[in-house]
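End of the sequence shown sits at 330 in my numbering; the numbers just go up one at a time, nothing left out. First up is the structure itself, then whatever we jot down about it.
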Amino acid sequence: MHKLLFFSGALLAMSLAIVGPAVAEDPEFIMEVGTVAPKGSPWAEQLQRFKTEVQAKTNGRLKVKLRLGRGNERSMARRVQMGSMQAFAGSVGGMSSIVREVNVIEAPYVFETFASADKALDTPEVTAQVKKVLAKRGLIFGIWAENGYRSYFSKQKIRKPSDMAGIRFRSQESMVHVETYEAFGATPVPIDNGNTLMSVQTGVVDGFDNTPLFAMAASWYQGLKEGERHIFLSRHCYQPALLVYSKKWFDALPKDIQEVITTLPHDLTVWGREQVRKIEPVLLKNLKRYGYEIYEPTEAELAAFKAKQKGVPARVAKEMGPEGVALLKAIRKTF
């Protein structure tokens, strides 16, 4: 328990205390932001910065309420689409249930490095494609955020693709994540965030993939038994996140407030990425203390995994239709 408290404290210690200007007692507008991000995480701190920025620039006319630690991204995304919640901050995978085209962003090994991911996502053409498909589903783009590179946590050792055959992995409820597992011969079991820990603890699944940060923040790492704790740093999926608004709500806002929440400083995104990336080495050390065997594959070993996934991005894009193909093409033009 004291180790968990230490972890939470470490995340909080990274945060900067942000004191914003006083806001109006009776704001004209309310923005409720739903997210799975837990309190004290870099994601929560990025949203706090967003809140401070928006409330300051609207002189308190728009009040932001952060609803942290919610459990189901798909449900929140649908609520925002329908207009019963004003905003959602979550993974692209969570968004893909209603905006299918963004599946291509999380296709395996599309982004080899953080630099290539940053360059692509910050390119106007890519952002324009994302905004276009979001708008068609009743969503307005706000800012990019980041979960990071996902890797495999399992009770079995993994060194080569064939080691994954038949293993039951919790999969994010996203088509591209399911197809990635199937390409390795694994058995994907789509489970929402809120039920994942119990599914690992009870043996419904043998493992999961996610970032070290999310595995720690959501306590998923506790699900695997001591002596059966393995991490294979496949880094097969770069997972960005994003903040989106309900178009129904957005369209009713005054033009000046619309401009504030759609022209946010890029520094918000840069800061969020930096916090997520710099904490990973610390988290991997903590996971070792919790009994995890962490394996960093060689380039030759990774090549075998990449070969298995070579055709997945193009296949996923084709399944998503012309706009999915256009989005993947725009991304690859930046490399």
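Heads up, the beta-carbon is just placed ideally off N, CA and C, and yes, glycines get one too. The structure displayed is predicted, hence computed values, not measured ones.
Start and end residues, alpha helix (DSSP H) containing residue i
i, result
"Ala77", "The identity of residue 77 in the sequence shown is Met, whereas the question assumes Ala. 68 to 77 is the span of the alpha helix (DSSP H), which, as asked, contains Met77."
"Leu278", "261 to 284"
"Ser111", "109 to 116"
"Ala130", "119 to 131"
"Asp251", "250 to 257"
"Glu174", "170 to 179"
"Phe300", "294 to 303"
"Val311", "307 to 314"
"Phe83", "Not the alpha helix (DSSP H): Phe83 falls in the beta strand (DSSP E), residues 82 to 86."
"Lys242", "242 to 245"
"Ala102", "Run containing Ala102: none; DSSP gives neither H nor E here."
"Leu208", "207 to 212"
Residues sharing a beta bridge with residue i, DSSP
i, result
"Ile226", "Phe148, Ile289"
"Gly35", "Answer by DSSP bridge pairing: none, since Gly35 is not bridged."
"Thr191", "None; Thr191 has no bridge partner."
"Phe164", "Pro183, Gly202"
"Asp58", "It is Lys, not Asp, that sits at residue 58 in the sequence shown. Its beta-bridge partners are Ile25."
"Pro235", "Glu141"
"Ile153", "For Ile153, which the question treats as bridged, DSSP gives no partner whatsoever."
Residue range of the beta strand (DSSP E) that includes residue i
i, result
"Arg327", "Looking at the DSSP string, Arg327 is not in any beta strand (DSSP E); the run it does join, the alpha helix (DSSP H), is 317 to 327."
"Pro185", "182 to 185"
"Glu96", "From DSSP, Glu96 is part of no beta strand (DSSP E); its letter is neither H nor E."
"Met26", "24 to 30"
Residue i versus the options, residue with shortest Cα-Cα distance
i, options, result
"Glu174", "Gln41, Val311, Arg272", "Val311"
"Gly143", "Lys34, Glu68, Leu208", "Leu208"
"Val125", "Ile100, Phe24, Glu141", "Ile100"
"Gly64", "Pro33, Ala160, Phe148, Pro317", "Pro33"
"Arg272", "Ser36, Lys131, Trp244", "Ser36"
"Thr197", "Gly180, Pro317, Leu219, Pro185", "Leu219"
"Arg56", "Gly161, Ile252, Ser91", "Ile252"
"Val320", "Asn98, Arg62, Tyr290", "Asn98"
"Ile186", "Phe179, Ser169, Leu279", "Ser169"
"Gln304", "Ala110, Pro156, Met90", "Pro156"
"Gly306", "Met77, Gly88, Asp246, Phe179", "Phe179"
"Glu318", "Leu129, Glu254, Ala72", "Leu129"
"Pro235", "Met80, Gly89, Ser79, Asn67", "Gly89"
"Gln41", "Arg95, Pro183, Val28", "Val28"
"Asp21", "Thr30, Asn54, Trp38, Ala39", "Asn54"
"Pro183", "Tyr216, Gln217, Ser214, Tyr147", "Tyr147"
Any contact between the stretch 221 to 236 and the stretch 117 to 128? By contact I mean 3 or more CB pairs, one from each, below 8 Å. Judged by Cβ distances under 8 Å, the stretch 221 to 236 makes no contact with the stretch 117 to 128, as fewer than three pairs qualify.
Report yes or no: do three or more beta-carbon pairs, one from the stretch 240 to 249 and one from the stretch 133 to 145, lie closer than 8 Å? Taking 8 Å as the limit for Cβ pairs, the verdict is that the stretch 133 to 145 does touch the stretch 240 to 249.
Below 8 Å, can you find three or more Cβ-Cβ pairs linking the stretch 175 to 195 to the stretch 243 to 262? Put simply, the stretch 175 to 195 does not touch the stretch 243 to 262. Fewer than three CB pairs are less than 8 Å apart.
Validate contact between the stretch 297 to 308 and the stretch 97 to 106 using beta carbons, cut 8 Å, 3 pairs: The way I'd put it, the stretch 297 to 308 does touch the stretch 97 to 106; three or more beta-carbon pairs between them come closer than 8 Å.
Quick test of the definition: if touching needs 3 or more C-beta pairs under 8 Å, does the stretch 266 to 285 touch the stretch 81 to 89? Note that the stretch 266 to 285 does not touch the stretch 81 to 89; fewer than 3 beta-carbon pairs, one per stretch, sit closer than 8 Å.
Give a yes or no on contact between the stretch 44 to 54 and the stretch 157 to 165, applying the rule of three or more CB pairs nearer than 8 Å. Two segments are said to touch when three or more pairs of C-beta atoms, one from each, lie closer than 8 Å; by this definition the stretch 44 to 54 does not touch the stretch 157 to 165.
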